[in-house]
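Asker:
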Amino acid sequence: MKVDFWLNGVRRSEEAQPDTLLLDFLRSRGCYSVKRGCETANCGLCTVLLDGKPVLSCSVLAVRADGKKVVTLEGLQKEAEEFGAFLADEGAEQCGFCNPGFVMNVLAMMKELEDPTEEEIQEYLAGNLCRCSGFAGQTRGILNYLRYKKSQGKGASKA
Amino acid sequence: MTYVNKPVRKTDAMALVTGKGVYVDDLAPRDCLIVKVLRSPYANAWVEEIHTEKALAVAGVVCVFTYKDVPQNRFTLAGQTYPEFSPYDRLILDPHLRFVGDAVAIVAGETEAAADQALKRIRVKYRVEEPLLDMRRAKDNPVLVHPEEDWEIRVSVGGDNRRNLCSTGCEEWGDVDKVLKECRYTVDRTYHTKANSQAMMETFRTCCYLDHAGRLNVLSSTQIPFHVRRIVGRALGIPASKVRVIKPRIGGGFGAKQTAVSDVYPAFVTWKTGRPSKIVYSRYESQICGSPRHEMEIRVRAGMDEHGIVKALDVYTLSNAGAYGEHGATTVGLTGHKAIPLYRHTEAYRFSYDVVYTNLQGAGAFRGYGATQGIYAVETAVNELAAQIGMDPVKIRELNMPLEGSPLHGYLDSEMADSCALDQCMARAKEMMDWDAKYPRRDMGSGKIRGVGVAMAMQGSSIAGVDVGGADLKLNEEGTYTLTLGCTDMGTGCDTILAQMAADCLDTKMENITVFGVDTDTSPYDSGSYASSTTYATGNAVMRACEALREKILEFGAGMLEADPEEADFDGEYVTCGEKKVSLSEIAFAATCGNNKELRVTRNYSSPISPPPYMVGMAEVEVDTQTGSVKVLDYVGVVDCGTPINPNLARVQTEGGIVQGIGMALFEDVRYSARGAVMENSLMQYKIPSRLDIGKVRVEFRSSYEKTGPFGAKSIGELVIDTPSPAITNAVYNAVGVQFRELPITPEKVAMAILEKEAGEKG
Amino acid sequence: MLKIRNYVKAADLAEAYELNQKKTACVLGGMVWLKMGNRSVSTAIDLSGLGLDTIRETEEEFVIGCMTPLRALETDEGLNAFTGGAMRESLRHIVGVQFRNCATVGGSIFGRYGFSDVLTMFLTLDSYVEMYRGGRIPMEEFASMKRDRDILVNVIVRKRPLVCAYFSQRNTATDFPVLTCGASLMDGNARVVIGARPSRAMAVQDPGGILTGFGEMTGEQKEKAAEAFAEYAFSAVAVNGNMRASGEYRALLVKVLTKRALRAVGGMGNEG
């Protein structure tokens, strides 16, 4: 079936089987940032933005992307570098395998929540598992990033 | 020091945070065959007939292999130095299936759909036999997990396949029964730890292809490239020289990837077909046929005098190897060797063990490697003694813990605690937790009670007399260096910390050091990253390589200056002799022209001792006495890993280990159904901690200086998972007075135990 | 693996209904459950082009389109104001934000899953489903109906003034619930719903009238009634064991959570 959609801002017209999952569809089109950590919608590694909302690409049919805007980390490199630097400065990126999904969801959170508390941050990101870091370093990185963004003035270089 | 002991950013950090395709499945050739394995539905069965014709008829299916097709040399998948301590008890495919999930057949297809379809079309007639599922009944059971004649173990560890024994042994010092008898306070308790899954985010996966020379290239998510080279060679019945193993970035390991779980399947397919192939384990496969932590039952007899001095420890460990013996004989050793020496006044100890085969998923290495289980048992037994004598468990430890220069009874790899700041760790943890104010409990009203608990731990730094760290260092023509390694960064950051060390040793900037690894064709031999060895062993190799290369540079520069090397000096940028000087890049360029002196060195390091790092963990929990929920509010970890080479990475290692430990203590469990199938077979059922499950985790360092370590460093990677289970068990006890001796401590167990206790008090 | 032969984005409900009459057809919800199974679907019917993903609030009711993601319910100001935040509480533990952006209210309710927080929550309210053919059906009746080939179009919540509370016990923060419990106080009477028993959520009947006039009781009377009803629920609510907990423990939780929920709707704080 034909899927007309925007991938990272570029209009694409592609073929997909009715049961192709968005995750596999995106990887087969070179979006290697999109990872699979489970088959049960529990890990958050495959998070992408669908019309601006973070979703699990393992649970979305590729054909449902028709007419929609799909954004992966490949399309948010500048933002990923900006936030990622704060993560890196804690050493909290560790093995990195969960990073793309995690960074996607942090960026989604930045858009959705205004000035989130630490509790709100933890709840928003609860669906992003990480087995290396123990999460504390991720939280430090996010809080530093939020402080930095605040000091930069609201909305500066937001995606 | 410019870099050592500084929070330097990891050299691969930006590639990882921006999601670059640097892992096995991102790098695998696009035209790879997809390899899948048919898994046994039975815990103990024989393949009587197997028909593959219909599977081969599926469009896009390239090959289907059964036990009839594979070489007949048994091997182990354990990533260990040769000769391995693990029995040769495996074939790539075996007609005897020993657990639910064991490999029955291998399929390779042009697409995943084709391979899946083929799996469904293989017809197997099984002869199902009674499985052996209970480790307590395994020894000398008439059901034999490995009845085969060609079962073999090359190191004497007491294994005997006719008795379902993977290993057995006993070590004794002094008359433990006599000393116990003399003790005023004793406990005799049995503790039960369950299998846990490492659940690294990247599941097992391997890609293989043949190169221009017809050699088998293995691109693998592994901690043990050099062992994989040997294992694949042996399994395929080809010389190891035909095998090249490459490790790209890998998505976590925690010991799981110290076993070559996935490598032999695509290796066999590629070797047979000549085509590139890959296997990517599903999470389901990672859970049911991975390499989880050994389930253990540990009986501890401990004795204490009236002053709170621990006098004797008798530890017996029964360890469940499952169907295959990888790491069985070695993990069990740590249950005694890393737990008994935590008590410096013991006058006698005994440590005995059995490691048994059962028809369950084969266990393997998991961070802590037996020490985690042993320390949980011994620390909990001591906490039970503390309760008996009515002393603060912190006080008991202050009286008994290893101090710098004190003996380490029962530790085989160093006689003395040469570098040890455990006392400072305890003092600092006590302050951070505000222990004296919080011990033992605080009633918060509404059925909520808070309690605090404590435990201490030690581990090793590399396997003494066995592990080899390797470093190869060369000067490039523009005056930069390439550091080639054989150890395996799995996200831990060893590539970075070794570059930090090298930069300081060479008086240069980190940007001037390119770290390369791992490729068994070009990397120096290294045992791999396990056994808490890399910082210590490979770190020392790096330092030696730097020292040796500096000498060569100095000599070379002095030669250019026509000076005596004895009178010349190298400061990292220039070789100088009096007024004369020559720059590093001038030296490097000179070395590329008409030169016969190599500015390249390779150095090994293997240590005769294994200096232990130490740690104190303290937990504050809140127990909901009605629902049984246990919330970890605060976890304090204070660590002596010697000099932290990179404080950020050491901290994150610690936080990560503590959180895995919290999972082990409170909810992680691999359980089996009555027919031997894993129940927690997905991340939906096997719950690892989310960020909402862990409370506050706070880490500090109190560093001793280890003379034999690079820059005074010891290890950190494994130690950090050891304290949560005993500390949380102790905190729950202090909160509600219920003593748990089995993990995990689930809300149901807590609620039911409180009810039982109340009923007992009333009745 | 899920196999789908045809995918149809329905032009209207009539077409969707027509297609769905075949046994092997399937209406797609949020896909989070569907894709985990090994089903072979002849025609997957997508309702996402029909504008059924919104929450409309009128004077009398909330009309929630079947394709509304759980996350939208969780963050809807009107629903949360009406339920005193119980709606959010019932949803926020479900896996993660991305999961709840996928999972739909229609999929959750139509599936009538035993573990469903969503079904427990809606049973706590005066709610209905609107089926394409079957029309409006009270939620309690729908919950006990067998699955059929009708299409769930909307979930309706009538704005009968109420106080409500939602509690769940979980082994980990984002795991399936071991037990769920909703309570509400409508027209002066209290009502308790227990879910994840582990079978389907059910309203606990009150044949003895223990909770009649709960709203008008004194603090002490409420305390007694909550205690009594918790004891009653403990013996009356059928529970079982599964991987996550035994029946015995669930029975204990029925008592604990029922009491907590009743105390919460009785304005006595939510603890104890």
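So the sequence lines, in the order shown, correspond to chains A, B and C.
Each residue of the first sequence is one higher than the last, beginning at 1 in the numbering used here.
Each residue of the second sequence is one higher than the last, beginning at 160 in the numbering used here.
Each residue of the third sequence is one higher than the last, beginning at 923 in the numbering used here.
C-beta: ideal position from N, C-alpha, C; glycine also.
Are any of the Cβ atoms in chain D nearer than 7 Å to that of S133 of chain A?
Answerer: The chain labelled as chain D is not found among the protein chains of the depicted structure, namely A, B and C.
Asker: Going by Cα to Cα distance, which pick from B:K740, B:V760, B:G433 is closest to G373 of chain B?
Answerer: Position 214 of the second sequence, counted from the first residue, corresponds to residue 373 of chain B. Selected option, being the one with the closest Cα: B:G433.
Asker: Taking C-alpha atoms, which residue in B:S874, B:V858, B:N840 lies nearest to P771 of chain B?
Answerer: The residue labelled residue 771 of chain B in the question sits at position 612 within the second sequence. It is B:S874.
Asker: Check whether the segment 688-704 of chain B and the segment 590-604 of chain B touch, using three or more Cβ-Cβ pairs below 8 Å as the test.
Answerer: Not touching, per the Cβ criterion.
Asker: Whose C-alpha, out of B:P806, B:R709, B:V798, is nearest the C-alpha of V760 of chain B?
Answerer: Along the second sequence, read from residue 1 onward, the residue named residue 760 of chain B stands at position 601. Here the closest residue by C-alpha is B:R709.
Asker: Hey, how far is the Cα of G484 of chain B from the Cα of M823 of chain B?
Answerer: Taking the first residue of the second sequence as position 1, residue 484 of chain B is located at position 325. Taking the first residue of the second sequence as position 1, residue 823 of chain B is located at position 664. Rounded to whole angstroms, G484 of chain B to M823 of chain B spans 23 Å at the Cα level.
Asker: So the alpha helix (DSSP H) Y892 of chain B belongs to, where does it begin and stop?
Answerer: Mapped onto the second sequence, residue 892 of chain B falls at position 733. Looking at the DSSP string, the run of the alpha helix (DSSP H) that includes Y892 of chain B is 883-895.
Asker: Is F56 of chain A close to chain C? Criterion is C-beta to C-beta, closer than 7 Å.
Answerer: Working through the first sequence from its first residue, we reach residue 56 of chain A at position 56. Checking the sequence, you will find Leu at residue 56 of chain A rather than Phe. Cβ-Cβ to chain C under 7 Å: yes for L56 of chain A.
Asker: Counting contacts by CB-CB distance shorter than 7 Å, is A1167 of chain C in contact with chain B?
Answerer: Your numbering for residue 1167 of chain C matches position 245 in the third sequence. Chain B, which has a Cβ nearer than 7 Å to the Cβ of A1167 of chain C, makes this yes.
Asker: For the alpha helix (DSSP H) containing P1099 of chain C, name the first residue and the last one.
Answerer: Here residue 1099 of chain C refers to the residue found at position 177 when the third sequence is read from its first residue. Premise fails: P1099 of chain C lies in the beta strand (DSSP E), 1099-1108, not in any alpha helix (DSSP H).
Asker: Just the Cα atoms here: how many angstroms apart are C325 of chain B and R295 of chain B?
Answerer: On the second sequence, position 166 is the one that residue 325 of chain B refers to. On the second sequence, position 136 is the one that residue 295 of chain B refers to. Cα to Cα, C325 of chain B sits roughly 14 Å from R295 of chain B.
Asker: For T673 of chain B and A267 of chain B, I'd like the C-alpha separation in whole angstroms.
Answerer: Residue numbering aside, residue 673 of chain B sits at position 514 when the second sequence is read from its first letter. Residue numbering aside, residue 267 of chain B sits at position 108 when the second sequence is read from its first letter. When rounded, the distance between both Cα atoms is 38 Å.
Asker: Compile a chain-ordered list of the residues in the segment 723-742 of chain B whose CB is closer than 7 Å to at least one CB of chain A.
Answerer: The segment 723-742 of chain B vs chain A, Cβ under 7 Å: nothing.
Asker: Under 7 Å, Cβ to Cβ, is there at least one residue of chain C near M838 of chain B?
Answerer: The residue you call residue 838 of chain B lines up with position 679 of the second sequence. Yes, M838 of chain B lies at the interface with chain C (some Cβ there is under 7 Å from its Cβ).
Asker: Indicate whether at least one CB of chain A lies closer than 7 Å to the CB of N807 of chain B.
Answerer: Residue numbering aside, residue 807 of chain B sits at position 648 when the second sequence is read from its first letter. By this cut-off, N807 of chain B is an interface position.
Asker: Would you report the Cα separation of H466 of chain B and S862 of chain B, rounded to the nearest angstrom?
Answerer: Stepping through the second sequence from its first residue, residue 466 of chain B is reached at position 307. Stepping through the second sequence from its first residue, residue 862 of chain B is reached at position 703. Straight-line Cα distance between these residues: approximately 29 Å.
Asker: Output yes or no for whether 7 Å exceeds the beta carbon distance between Q94 of chain A and C38 of chain A.
Answerer: On the first sequence, position 94 is the one that residue 94 of chain A refers to. On the first sequence, position 38 is the one that residue 38 of chain A refers to. No, Cβ-Cβ distance for Q94 of chain A and C38 of chain A is not below 7 Å.
Asker: Could you check whether S1090 of chain C and M1043 of chain C sit closer than 7 Å to each other, using their CB atoms as the reference points?
Answerer: Translated into positions along the third sequence, residue 1043 of chain C becomes position 121. Translated into positions along the third sequence, residue 1090 of chain C becomes position 168. No; because the gap between Cβ atoms is not below 7 Å, this pair is not in contact.
Asker: So with Cβ pairs under 7 Å, would you call L143 of chain A a contact of chain C?
Answerer: Counting from one through the first sequence, the residue named residue 143 of chain A turns up at place 143. Cβ-Cβ to chain C under 7 Å: no for L143 of chain A.
Asker: Smallest Cα separation from D147 of chain B: which of B:P767, B:A277, B:R830?
Answerer: This structure gives no information on residue 147 of chain B, because the portion of chain B shown stretches from 160 to 922.
Asker: Looking at F258 of chain B: is its Cβ nearer than 7 Å to the Cβ of A488 of chain B?
Answerer: Counted from its first residue, the second sequence places residue 258 of chain B at position 99. Counted from its first residue, the second sequence places residue 488 of chain B at position 329. Contact flag unset, no.
Asker: Could you tell me if D852 of chain B is buried or exposed, where buried requires 16 or more neighbouring beta carbons within 10 angstroms of its beta carbon?
Answerer: Within the second sequence, the letter at position 693 stands for residue 852 of chain B. So D852 of chain B ends up on the buried side.
Asker: On the DSSP bridge list, what partners appear for E983 of chain C?
Answerer: Indexing the third sequence from 1 puts residue 983 of chain C at position 61. DSSP output for E983 of chain C lists C:R1080 as bridge partner(s).
Asker: Can you pull the DSSP bridge partners for Y512 of chain B?
Answerer: Counted from its first residue, the second sequence places residue 512 of chain B at position 353. Looking at the DSSP assignment, Y512 of chain B forms a beta bridge with B:G328, B:T476.
Asker: I want to see whether chain C comes within less than 7 Å of S59 of chain A, judged by CB atoms only; does it?
Answerer: Against the first sequence, residue 59 of chain A aligns to sequence position 59. Interface residue, yes.
Asker: Roughly how many whole angstroms lie between the Cα atoms of H255 of chain B and A204 of chain B?
Answerer: For this step, residue 255 of chain B is matched to residue 96 along the second sequence. For this step, residue 204 of chain B is matched to residue 45 along the second sequence. Taking the straight line from one Cα to the other gives about 6 Å.
Asker: Return the Cβ separation of N1162 of chain C and S1121 of chain C in integer angstroms, given the expectation that the two are a contact with Cβ distance under 8 Å.
Answerer: Stepping through the third sequence from its first residue, residue 1162 of chain C is reached at position 240. Stepping through the third sequence from its first residue, residue 1121 of chain C is reached at position 199. That belief holds up - the Cβ atoms of N1162 of chain C and S1121 of chain C are roughly 7 Å apart, short of 8 Å.
Asker: If you measure beta-carbon to beta-carbon, which residues of the segment 1054-1071 of chain C are closer than 9 Å to chain B?
Answerer: Cβ contacts with chain B come from no residue of the segment 1054-1071 of chain C.
Asker: Does G52 of chain A have its Cβ less than 7 Å from a Cβ in chain C?
Answerer: Here residue 52 of chain A is taken as the residue at index 52 of the first sequence, counted from 1. It does not: the Cβ of G52 of chain A has no partner Cβ on chain C nearer than 7 Å.
Asker: In three-state DSSP terms, what is C366 of chain B?
Answerer: Here the question's residue 366 of chain B lines up with position 207 in the second sequence. Three-state result, C366 of chain B: strand.
Asker: In chain order, what residues of the same chain have a beta carbon less than 7 Å from the beta carbon of N1192 of chain C, not counting five sequence neighbours either side?
Answerer: To locate residue 1192 of chain C, count along the third sequence from 1; it is residue 270. With a pLDDT of 48 at N1192 of chain C, under the threshold of 50, the modelled position of this residue cannot be trusted, and the question is left open.
Asker: Is there a C-beta anywhere in chain A that falls below 7 Å from the one on C1024 of chain C?
Answerer: Working through the third sequence from its first residue, we reach residue 1024 of chain C at position 102. With 7 Å as the cut-off, C1024 of chain C counts as an interface residue toward chain A.
Asker: Below 7 Å CB to CB, which residues in the same chain sit around Y440 of chain B once its five sequence neighbours on both sides are set aside?
Answerer: Counting from one through the second sequence, the residue named residue 440 of chain B turns up at place 281. Cβ within range, chain order: T362, F363, R364, S421.
Asker: Assuming the contact rule is C-beta atoms closer than 8 Å, A1095 of chain C and S849 of chain B should be a hit. Round their C-beta distance to whole Å, please.
Answerer: Translated into positions along the third sequence, residue 1095 of chain C becomes position 173. Translated into positions along the second sequence, residue 849 of chain B becomes position 690. With a Cβ gap of about 6 Å, A1095 of chain C and S849 of chain B count as contacting.
Asker: How about I622 of chain B and A690 of chain B: do their beta carbons lie closer than 7 Å?
Answerer: On the second sequence, position 463 is the one that residue 622 of chain B refers to. On the second sequence, position 531 is the one that residue 690 of chain B refers to. Yes, Cβ-Cβ distance for I622 of chain B and A690 of chain B is below 7 Å.
Asker: Rounded to whole angstroms, what's the CA-CA distance from Q943 of chain C to I1078 of chain C? Just pull it up for me.
Answerer: Taking the first residue of the third sequence as position 1, residue 943 of chain C is located at position 21. Taking the first residue of the third sequence as position 1, residue 1078 of chain C is located at position 156. Computed Cα separation, rounded: 24 Å.
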